[in-house]
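Chemist: Please see the structure below; I have some questions.
In our numbering, the protein residues as written are 95 to 346.
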């Protein structure tokens with residue numbers, strides 16, 4: 095798959111948001127997103143004002159030209175951190191709904207019927223889903239700290255690396271629901287995604303940019319889940335089964 099394929103899958107996810115039977119799993123996370131967005135946007139506005147004031151107060155007059163470089167970089171860091179924080183908290187709170195949404199999208203795409211009541215499945219999924227989200231954090235946080243420090247001390251190169259990392263994080267975050275629903279481990283999921291780096295970067299980068307756009311970011315999470323599940327059904331599921339088969343054959 096190409097980077098363009100990854101971008102396309104994200105936008106195709108929007109086309110499923112009005113699908114009958116999926117709305118309840120979209121509206122509840124959407125309400126969570128709205129509350130978080132309002133709170134986070136107020137905080138973001140305050141932080142931008144503080145950082146702009148800090149740059150003005152601490153740069154001497156003879157280095158005032160640096161403001162044209164430092165201010166955009168500072169704003170970019172804040173916006174990216176805002177998007178990452180917003181996405182992380184929203185996904186933790188909405189994780190059980192997200193897993194069931196991915197399951198229902200997969201069934202819709204395959205023409206299958208749910209095997210049990212939606213709310214029953216939701217309640218049963220909560221412990222496992224939160225455990226899986228914790229596994230993601232264990233993977234994300236150490237790398238996040240390292241890449242953030244690189245971005246802080248080496249602004250231009252570091253920002254490009256940071257953006258690529260965030261794209262990878264978001265690809266993992268949203269593709270993992272389908273993998274988890276089909277009982278693939280977190281490590282195996284990363285292995286499959288690493289074989290599709292271009293598509294994952296295109297998908298994650300588009301999600302990252304969309305997350306930083308006010309109002310649009312309210313729809314990003316369900317659209318990304320739908321898009322990632324389409325990618326699973328059309329590409330990743332087949333690859334996962336092929337790798338599993340080849341691994342089992344090589345071990346015999």
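Ideal Cβ positions, reconstructed from N, Cα and C, are used throughout, including at glycine.
So residue 119 packs on residue 226, CB below 8 Å; how close in whole Å?
Modeler: Not quite, the Cβ-Cβ distance comes to about 17 Å (not below 8 Å), so this is no contact.
Chemist: What does the alpha-carbon distance come out to for the pair residue 342 and residue 287?
Modeler: Low confidence applies here, because residue 342 scores a pLDDT of 48, under 50, leaving its location unreliable; read the following figure in that light. The straight-line gap from Cα to Cα measures roughly 19 Å.
Chemist: Where do the N-terminal and C-terminal ends of the alpha helix (DSSP H) with residue 297 fall, by residue?
Modeler: 291-305
Chemist: Applying the criterion that 16 or more other CB atoms from any shown protein chain within 10 Å of the CB defines a buried residue, is residue 137 buried or exposed?
Modeler: exposed
Chemist: Any idea if residue 331 is buried or exposed, counting beta-carbon neighbours within 10 angstroms, 16 or more meaning buried?
Modeler: buried
Chemist: Please state whether DSSP places residue 248 in a helix, a strand or coil.
Modeler: In the displayed model, residue 248 falls within coil according to three-state DSSP, outside both helix and strand.
Chemist: Pull up the distance between the alpha-carbon of residue 115 and that of residue 130, whole angstroms please.
Modeler: 25 Å
Chemist: Suppose contacts are defined by Cβ-Cβ distances below 9 Å. Is residue 308 in contact with residue 124 by that definition?
Modeler: no
Chemist: For the alpha helix (DSSP H) holding residue 95, just list the boundary residues, first then last.
Modeler: Note, residue 95: premise wrong, no alpha helix (DSSP H); not H, not E.
Chemist: On the premise that residue 99 lies in contact with residue 293, defined as a C-beta separation below 8 Å, what is that separation, rounded to the nearest angstrom?
Modeler: 5 Å
Chemist: Based on Cα-Cα distance, which residue from 318, 291 and 203 lies nearest to residue 302?
Modeler: 318
Chemist: Could you give the C-beta distance for residue 204 and residue 126, rounded to a whole number, given that I count them as a contact under 8 Å?
Modeler: Between residue 126 and residue 204 the Cβ distance is about 28 Å, and since that is not below 8 Å, they are no contact.
Chemist: Compare the beta carbon distance of residue 55 and residue 189 with 9 Å and say whether it is the shorter of the two.
Modeler: A question about residue 55 goes unanswered here, because the residues of the chain that appear run from 95 up to 346.
Chemist: Helix, strand or coil for residue 285? Go by DSSP, reduced to three states.
Modeler: Here DSSP, grouped into helix, strand and coil, assigns residue 285 to helix.
Chemist: Near residue 223, what residues of its chain come up, given a Cβ to Cβ distance below 7 Å and the 5 sequence neighbours on each side ignored?
Modeler: Cβ within range, chain order: 189, 190 and 193.
Chemist: From this set, 334, 182, 140 and 324, which residue's C-alpha is nearest residue 229's C-alpha?
Modeler: Selected option, being the one with the closest Cα: 182.
Chemist: Around the Cβ of residue 246, are there at least 16 other Cβ atoms within 10 angstroms (buried) or fewer (exposed)?
Modeler: The residue is exposed, with fewer than 16 neighbouring Cβ atoms inside 10 Å.
Chemist: Which residue's Cα is closest to the Cα of residue 259: 271, 313 and 291?
Modeler: 291
Chemist: Which word fits residue 250, buried or exposed, when buried means at least 16 other C-beta atoms lie within 10 angstroms of its C-beta?
Modeler: It counts as exposed.
Chemist: Thinking residue 103 and residue 325 are a contact (beta carbons under 8 Å), I'd like their distance in whole angstroms, please.
Modeler: 4 Å
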